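Residue numbers (my numbering), protein chains in the order written: chain A, 17 to 135; chain B, -13 to 93. Virtual Cβ for every residue (Gly too), placed ideally from N, Cα, C. Owing to the predicted nature of the structure, the values given are computational and were not obtained by experimental measurement.
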């Protein structure tokens, strides 16, 4: 059974930094592209970033480009999101998500971790 | 970026009703479209991918259709557990984009 478990969320001040983690189990992690999707309180879903299985390719939404960095450690079955220069509008639940092999739709999701950005 | 325009934004319906939600892409996405259901406090759950392929385990009362820029999700006979928010998403190209959501409420 596929399991994705996010951690690392918590209150952070504007301008601050935070690193999210997503530990994966139940599949061969390095074979799959992984993504982060966020949802601001009471709002819709927003794709944030994706990374290929071998970490050679990364993609970002314009809203986070230059501030967020996606990475992965396939030896630890873990996906990361380093978030710098955080803004109030980054406040959201952050989900990690996995597509089926060779596909791009998000089949598996974690439970999410909340990142409030506030002074 | 490809904009996804979803309608309606909210919908009131009764158990047993047939419901249709539409999603229009600002350019052709050639069936690279998924539909998700989300309940309060929970992660989204995929229902349909490839515009019309039902994900394993999803009840057959859900169906997707459409082509190029215009897509629909239909629930043939609403059940109590179907009251939720629904999102379309294009994965044709990054940035992947979602519709703004349709909140389906009990009439």
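Assigned secondary structure, residue i (DSSP; H/G/I helix, E/B strand, else coil)
{"i": "residue 46 of chain A", "result": "helix"}
{"i": "residue 113 of chain A", "result": "strand"}
{"i": "residue 20 of chain B", "result": "strand"}
{"i": "residue 68 of chain B", "result": "helix"}
{"i": "residue 106 of chain A", "result": "helix"}
{"i": "residue 75 of chain A", "result": "strand"}
{"i": "residue 86 of chain A", "result": "strand"}
CA-to-CA distance, residue j to residue i, given in whole angstroms
{"i": "residue 81 of chain A", "j": "residue 20 of chain B", "result": "25 angstroms"}
{"i": "residue 1 of chain B", "j": "residue 66 of chain B", "result": "6 angstroms"}
{"i": "residue 54 of chain A", "j": "residue 101 of chain A", "result": "17 angstroms"}
{"i": "residue 40 of chain B", "j": "residue 48 of chain B", "result": "8 angstroms"}
{"i": "residue 125 of chain A", "j": "residue 20 of chain A", "result": "6 angstroms"}
{"i": "residue 12 of chain B", "j": "residue 83 of chain B", "result": "11 angstroms"}
{"i": "residue 16 of chain B", "j": "residue 56 of chain B", "result": "10 angstroms"}
Residue burial classification, residue i (beta-carbon count within 10 angstroms, cutoff 16)
{"i": "residue 106 of chain A", "result": "buried"}
{"i": "residue 30 of chain B", "result": "buried"}
{"i": "residue 17 of chain A", "result": "exposed"}
{"i": "residue 46 of chain B", "result": "exposed"}
{"i": "residue 35 of chain A", "result": "exposed"}
Nearest residue (CA-CA) to residue i, options the options
{"i": "residue -4 of chain B", "options": "B/-11, B/8, B/-13, B/77", "result": "B/8"}
{"i": "residue 71 of chain A", "options": "A/34, A/28, A/48", "result": "A/48"}
{"i": "residue -13 of chain B", "options": "A/73, A/42, A/69, A/77", "result": "A/77"}
{"i": "residue 68 of chain A", "options": "A/23, A/60, A/116, A/79", "result": "A/116"}
Residue i Cβ short of 7 angstroms to the ligand ADP heavy atom set
{"i": "residue 75 of chain A", "result": "By its list of ligands, the structure shown contains no ligand whatsoever, and the ligand ADP lies outside what it can speak to."}
List in chain order: all unbroken beta strand (DSSP E) runs of 3+ residues lying wholly within the stretch 24 to 87 of chain B. 31 to 35, 48 to 53, 56 to 61, 71 to 76
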